[in-house]
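All remarks here apply to the structure that follows.
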Amino acid sequence: MLSVTFLGTSAARPTVERNVSAMALVREGETLLFECGEGTQRQMMRYGVSFALSEIFFTHFHADHFLGVIGLIRTLGLQARTEPMRLYGPKGAKKLLTQALVLGVERVPFTVEIEEVKPGMVLRERGAGSRERDGYEIQVFGTEHGGGSVGYALREHERRGRFDVDKARAAGIPEGPLWGKLTKGETVGLPDGRTIGPEGIVGAKRPGRLVVFTGDTRPCASVVDAAQGADLLIHEATFGEEEKDRAKETGHSTAREAAQVALAAKARRLVLSHVSARYSISAEELVKEARAVFPETAVAKDGMTVEVPFAD
Ligand SMILES: [Zn+2]
Ligand SMILES: [Zn+2]
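Whatever position you read off the sequence shown (first residue = 1), add 79 for the numbering used here.
Dropping the structure here:
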């Protein structure tokens with residue numbers, strides 16, 4: 080199971096219909112939070128996202144992307160949490176998040192670690208000296224929004240190849256533990272004395288899933304690179320074509336530009352988010368502009384969950 084739930088999809092400020100940026104990614108029971116705009120904790124309650132999370136990833140420190148962490152951390156403290164929390168963000172994360180965490184007089188009863196990340200980093204572990212991520216890693220890539228902004232790609236490890244039951248039976252391999260060993264890529268000895276390897280019975284390794292979250296950015300090559308073959312690309316689309324100059328001036332993308340990135344990356348699916356307040360009620364115009372370039376496009380709305388299945 081891998082899914083993302085959009086908690087806030089509005090750019091710069093909340094509207095009646097949309098809160099500011101935040102997205103929860105749930106994979107095999109683990110919840111990761113990307114961005115934490117003001118009011119995110121209430122959106123989590125509203126849309127059933129677990130508070131049992133231990134990592135929050137920030138793409139940059141414009142106020143609409145991180146002010147919610149102040150209240151969320153305090154609520155977690157009230158819940159008597161003891162497990163450490165780890166926050167990731169680009170240069171400046173330590174200073175800004177530390178300030179955010181000391182606002183308010185309540186003592187936070189758990190450790191909050193802050194790690195500054197930069198493009199090219201691969202986050203294989205959860206927290207200092209803690210265990211390795213189970214079956215995936217988080218890759219950090221550069222984006223073009225000023226101030227060292229970054230995006231994050233969750234890349235699953237390769238999966239084992241498919242076990243071909245018919246071929247195993249035809250080869251006379253008895254069902255049971257030998258099948259399990261072959262699946263793991265081991266060579267086995269049969270009761271009749273033959274030795275058989277997994278070749279021909281177990282297929283080639285299959286790719287895991289790739290989910291890419293850009294945060295705010297101009298369309299850029301580093302996102303195209305990070306999103307090569309992505310199962311799901313979540314790209315900001317603050318504006319429509321009629322405001323493409325404004326998008327350029329403010330370090331944002333139009334829906335069409337996001338679609339061009341998805342096309343260049345050969346992504347499977349594109350979801351647009353971080354839309355300007357003028358598209359708050361209906362973002363159909365954005366979808367239309369994007370689909371003309373990349374048909375597999377949807378626009379996020381608050382509370383929307385997107386499942387990410389394996390391609391095969
Ligand atoms: Zn923003
Ligand atoms: Zn921004």
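A virtual CB, placed ideally from N, CA and C, is assigned to each residue, including glycine.
**Study point:** Which of helix, strand or coil DSSP assigns to Tyr167
**Key:** In the sequence shown, residue 167 corresponds to position 88, counting from 1. Residue state, collapsed to three classes: strand.
**Study point:** Where the alpha helix (DSSP H) through Met123 begins and ends
**Key:** Locating residue 123 in the sequence shown gives position 44, counting from the first residue. Looking at the DSSP string, the run of the alpha helix (DSSP H) that includes Met123 is Thr119 to Arg125.
Check your understanding: Does DSSP classify Gly276 as helix, strand or coil?
Key -> On the sequence shown, position 197 is the one that residue 276 refers to. Residue state, collapsed to three classes: coil.
Point to revise | Residues that Ala377 bridges to, as DSSP identifies them | key: One-based indexing of the sequence shown puts residue 377 at position 298. According to DSSP, which records beta bridges pairwise, Ala377 is partnered with Val350.
Review point. So what does DSSP say about Leu289, is it helix, strand or coil?
Key: In the sequence shown, residue 289 corresponds to position 210, counting from 1. Looking at Leu289 - three-state DSSP - the assignment turns out to be strand.
Point to revise | C-beta contact flag for Val281 and Thr293 at 7 Å | key: Position 202 of the sequence shown, counted from the first residue, corresponds to residue 281. Position 214 of the sequence shown, counted from the first residue, corresponds to residue 293. Not closer than 7 Å, so no.
Practice item. Following the continuous beta strand (DSSP E) through Ser82, name the residue where it begins and the one where it ends. Key: The count along the sequence shown starts at 1 and reaches residue 82 at position 3. Start and end: Leu81 to Gly87.
**Study point:** Residues bridged to Met102 (per DSSP)
**Key:** The residue labelled residue 102 in the question sits at position 23 within the sequence shown. According to DSSP, which records beta bridges pairwise, Met102 is partnered with Phe85 and Phe113.
Review point. Among all the DSSP beta bridges, which residues are the ones paired with Ala232?
Key: Position 153 of the sequence shown, counting from 1, holds the residue named residue 232. Beta-bridge pairing links Ala232 to Gln218 and Val291.
**Study point:** Three-pair Cβ contact test at 8 Å for the region 302-311 versus the region 264-281
**Key:** no
Exercise for review: Buried or exposed for Phe136, please, with buried defined as at least 16 other CB atoms from any protein chain shown within 10 angstroms of its CB.
Suggested key: The sequence position of residue 136 within the sequence shown is 57, counting from 1. So Phe136 counts as buried.
Review point. Among Glu223, Ser82, Ala232 and Ala390, which has the Cα closest to the Cα of Arg238?
Key: Taking the sequence shown and counting its residues from 1, one reaches residue 238 at position 159. Comparing Cα-Cα distances from Arg238 to each of Glu223, Ser82, Ala232 and Ala390, the minimum goes to Ala390.
Review point. Who are the Cβ neighbours of Thr161 in its own chain at under 6 Å, not counting the five residues just before and after it?
Key: On the sequence shown, residue 161 is found 82 positions in, with the first residue counted as 1. Phe189.
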